[in-house]
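Visitor:
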Amino acid sequence: MTGATGAVLIAAASSVAKVFLIAIVGFLAVKHPRGNPLIPKESVGMLSRFAFTVLNLPLVYSSMGSTLTIDVLGSLWFVPLAGVAVIAISFAAATITERLPFFRIEHRVDLDALRVACSFPNVVAIPILVFPSLCEYEVVWSTFVDKAADMNRSPIEECTNSLNAMVFSYFFAWLFMFFLMGNQMLVNAGRRKNLEESMSRSNGVDVEVESTEGEGGGTHTRTGCQSLDGTQQQDDRDDLIDDTLEGRQSSLDDAAESTKSVIGSFLLAVKRAVLNPGSIAMWAGLITALIAPLQAALFAPGGALRFAGSAIESLAAALPSVATMITAASLVPDGSGPDGEGDTAERSSGNGGRRKCASWIWPLKFLREGNTIVDPNYMGVAARTAELQQKDRRPSLARIRRASARFGRQSLRVVRSPTVRMHIWFNVTRLLITPLIITAILVGLDCSTNLFGATIPHMAKLVVILNSSIPSAMLVILSLKSEGLSESAAVLARVYVPSYVLSIFTISGWTSVGLLLSIPNEEGQYFCEAR
């Protein structure tokens, strides 16, 4: 067992070290040379869209289309189900641990953003770079590749493609849960902020009227307010009577509307998860794998369409390194300010603000310039907010006072930063507690099913454990910015930096655990069989 353990530790540490070195290149490219960096900060979003469209989709298609067989398909079923469970457990762990007195977070929007970030890790960029390095070691590929099969590929390539296929199957579950709960929480936070700002502006207009009228006839204004109060009291009594008479019908209508909303949200999440470009590429790869002549023509040496398959594979090969560098570049703070509001405002003005597009597939909206994610359900809120901003531009003393108050709030936003408690809670929950719970559940399931002659797919165990231990996705920050929550996005970005640094060590540890549970020892026995 000592020899296998040593090989596992070396494989895990080497794979993570490779990720770290490539990430350093991306991080430094945004900062150097000074004044003219290799990757300008404002170009990171454009490069991200380029990588998603040109490199990620070919990788999804080639991984599925060239590798999948009936045997592999038989082991894929566990991965999406486990992905849904991992996200639900991650969210529950973040919610429960935050309620401990030491970890309490008072800011509601920050809390929602951090809980979403804890639940949705970066399940593509990091795994697709770690797994090729792992598959270079015989202790890994000899376990996951059928050596008796007649393969046209090397065992290392076959191992890598099989693991990537499981990663993208996991990503499908990730997308479904993100649209079902993660993105919805961020959209609701943006709605809440817009409504609060609208109410604040409405109150500000009332104050302005009082101050203007007060200069000419304060007595008349006070009389009007007293009359309004009396009318308001009568209206309140009428409303109370109406509410009493119609309360039961209103409750039934609310219940029906709530049920309809839940069903609509579920169907919308399914539609977005199934019909986004990444999933379409996955379905296309699956169909290609099921049509043996087409699979051979594209991916077998000497195939009639081998030139097309080779081009797709060449594009796909560039994604792991490019995606890692882009992720690292995204962690560099914006130069325009602590929260990057200046850069965001400039892009918004250049694009004419949010554009109302009837786009219902999220990744297509992600590909638009500015990384904006517009939800058609809440376009009206943004439109009403814009109307309030453009209305009533007359200078007045009250408006000057409001401008001063707004400047004070912006100053507080600049000062606001994540606390030490927030850092500890986020990193402990994301990098330690969640993977520990997932590993314990997998061991329990594996050992219990092993008693009945069934086992969890060994490759799936490694994928699930690794995906439960990696740091959070950058998409959460982009979603916050698209909802106008740049302050919370800045807080989350500052939390991400130490999380990604610490993950160098935690990913190595949890990858080692996943390998020890997934590969046999010297006697050919797996973890549960040896107990």
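Under UniProt numbering, the first residue of the sequence shown is numbered 1, with each subsequent residue one higher.
We put the beta carbon where it would ideally sit given N, CA and C, even for glycine.
According to the neighbour-count rule (16 or more other Cβ atoms, all chains shown, within 10 Å of its Cβ), is Met199 buried or exposed?
Guide: Per the 10 Å Cβ criterion, exposed.
Visitor: Quick one: what's got a C-beta closer than 6 Å to Ala328's C-beta in the same chain, skipping five residues either side?
Guide: Result list for Ala328: Ala23, Gly26, Phe27, in chain order.
Visitor: Might you give, ordered along the chain, the residues of its own chain that have their beta carbon closer than 7 Å to the beta carbon of Thr95, omitting 5 neighbours on each side?
Guide: Counting only Cβ-Cβ distances below 7 Å, and skipping sequence neighbours, we find Arg115.
Visitor: Could you have a look at Ser310 and say whether DSSP puts it in helix, strand or coil?
Guide: Three-state DSSP puts Ser310 in a helix.
Visitor: Reducing DSSP to helix, strand and coil, say where Ser417 ends up.
Guide: Coil, per DSSP.
Visitor: Can you list the alpha helix (DSSP H) stretches of 4 or more residues lying completely in the region 268-292, in chain order?
Guide: Runs found: 277-290.
Visitor: According to DSSP, is Pro121 part of a helix, a strand, or is it coil?
Guide: Strand, per DSSP.
Visitor: Alpha carbons only, please: which of Tyr500, Phe307, Leu59, Phe426 is nearest the one belonging to Ala318?
Guide: Of the candidates Tyr500, Phe307, Leu59, Phe426, the one whose C-alpha sits nearest the C-alpha of Ala318 is Leu59.
Visitor: Going by the DSSP bridge assignment, what does Ser472 pair with across the sheet?
Guide: Looking at the DSSP assignment, Ser472 forms a beta bridge with Pro121.
Visitor: Tell me whether Gly303 sits in a helix, a strand or coil according to DSSP, three-state version.
Guide: Of the three classes helix, strand and coil, the one that applies to Gly303 here is coil, per DSSP.
Visitor: Any contact of the region 154-165 with the region 496-507, i.e. 3+ C-beta pairs under 8 Å?
Guide: No: fewer than three Cβ pairs fall under 8 Å.
Visitor: DSSP state of Tyr526, grouped into three classes?
Guide: Tyr526 falls in the coil class under three-state DSSP.
Visitor: I need the straight-line Cα distance from Glu106 to Ser119, nearest angstrom please.
Guide: Taking the straight line from one Cα to the other gives about 19 Å.
Visitor: For the alpha helix (DSSP H) containing Cys159, name the first residue and the last one.
Guide: Cys159 -> alpha helix (DSSP H) spans 155-177.
Visitor: How would you label Ala489, buried or exposed, when you count the other beta carbons within 10 angstroms and need 16 or more for buried?
Guide: Buried, since its Cβ has 16 or more Cβ neighbours within 10 Å.
Visitor: Closest to Thr439 by C-alpha separation, out of Ala289, Leu515, Ser499, would be which residue?
Guide: Here the closest residue by C-alpha is Leu515.
Visitor: Taking only three categories from DSSP, how would you classify Glu346?
Guide: No answer about Glu346 holds up, because its pLDDT of 39 lies below 50 and its placement is not dependable.
Visitor: Tell me whether the beta-carbon of Phe102 lies closer than 9 Å to the beta-carbon of Arg421.
Guide: Yes, the Cβ-Cβ distance between Phe102 and Arg421 is below 9 Å.
Visitor: Could you tell me how far apart the beta carbons of Gly459 and Leu163 are, in whole angstroms, since I believe they sit closer than 8 Å?
Guide: What sits at residue 459 in the sequence shown is Met, not Gly. Contact holds; Cβ gap of about 6 Å.
Visitor: Alpha carbon to alpha carbon, how far is Ile433 from Asp112? Give it in angstroms, no decimals.
Guide: Going by the C-alpha atoms only, they are around 19 Å apart.
Visitor: Considering just the uninterrupted stretch of the alpha helix (DSSP H) at Met181, what are its terminal residues?
Guide: Here Met181 belongs to no alpha helix (DSSP H), and DSSP marks it neither H nor E.
Visitor: With the cut-off set at 9 Å, would you say Ala273 and Phe176 are in Cβ contact?
Guide: A contact, by the Cβ cut-off of 9 Å.
Visitor: Would you grab the beta carbon distance between Val332 and Lys31 for me? Rounded to a whole angstrom, and I think it's under 8 Å.
Guide: Going by Cβ atoms, the distance from Val332 to Lys31 rounds to 6 Å, so yes, they are a contact pair.
Visitor: Near Pro37, which residues of its chain fall below 8 Å by C-beta distance, leaving aside the five closest residues on each side in sequence?
Guide: Contacts found: Ala29, Val30, Lys31.
Visitor: Find the nearest neighbour of Arg104 within the set Leu57, Ile437, Ser75, Thr419, judged by alpha-carbon distance.
Guide: The residue with the shortest Cα to Cα distance from Arg104 is Thr419.
Visitor: Following the continuous alpha helix (DSSP H) through Tyr137, name the residue where it begins and the one where it ends.
Guide: From DSSP, Tyr137 is part of no alpha helix (DSSP H); its letter is neither H nor E.
Visitor: Are there 16 or more other CB atoms within 10 angstroms of the CB of Pro320, so buried, or fewer, so exposed?
Guide: The residue in question, Pro320, is buried, as its Cβ has 16 or more Cβ neighbours within 10 Å.
Visitor: Return helix, strand or coil for Thr455, following the three-state DSSP convention.
Guide: Thr455: coil per DSSP, three-state reduction.
Visitor: Among Ala51, Leu275, Ile291, which one has its Cα closest to the Cα of Ser66?
Guide: When only C-alpha atoms are compared, the closest one is Ile291.
Visitor: Note the first and the last residue of the continuous alpha helix (DSSP H) segment covering Arg494.
Guide: Arg494 -> alpha helix (DSSP H) spans 486-518.
Visitor: Ile519 and Thr143 look like a contact to me (Cβ under 8 Å); what is the Cβ gap, rounded to whole Å?
Guide: Right, the Cβ-Cβ distance comes to about 4 Å (below 8 Å), so this counts as a contact.
Visitor: Rounded to a whole number of angstroms, what is the C-alpha to C-alpha distance between Leu76 and Leu267?
Guide: One C-alpha to the other measures close to 23 Å.
Visitor: Go ahead and pull the three-state DSSP assignment for Pro101.
Guide: Looking at Pro101 - three-state DSSP - the assignment turns out to be helix.
Visitor: Leaving out the 5 sequence neighbours to the left and right, which residues in its chain are closer than 7 Å to Gly83 when beta-carbon positions are compared?
Guide: Here the set comprises Tyr170, Ala173, Trp174.
Visitor: What's the gap between the Cα of Met166 and the Cα of Leu81?
Guide: In a straight line, the C-alpha of Met166 is about 12 Å away from that of Leu81.
Visitor: Taking only the alpha-carbon atoms, compute the straight-line gap between Tyr526 and Ile287 and give it to the nearest angstrom.
Guide: About 34 Å.
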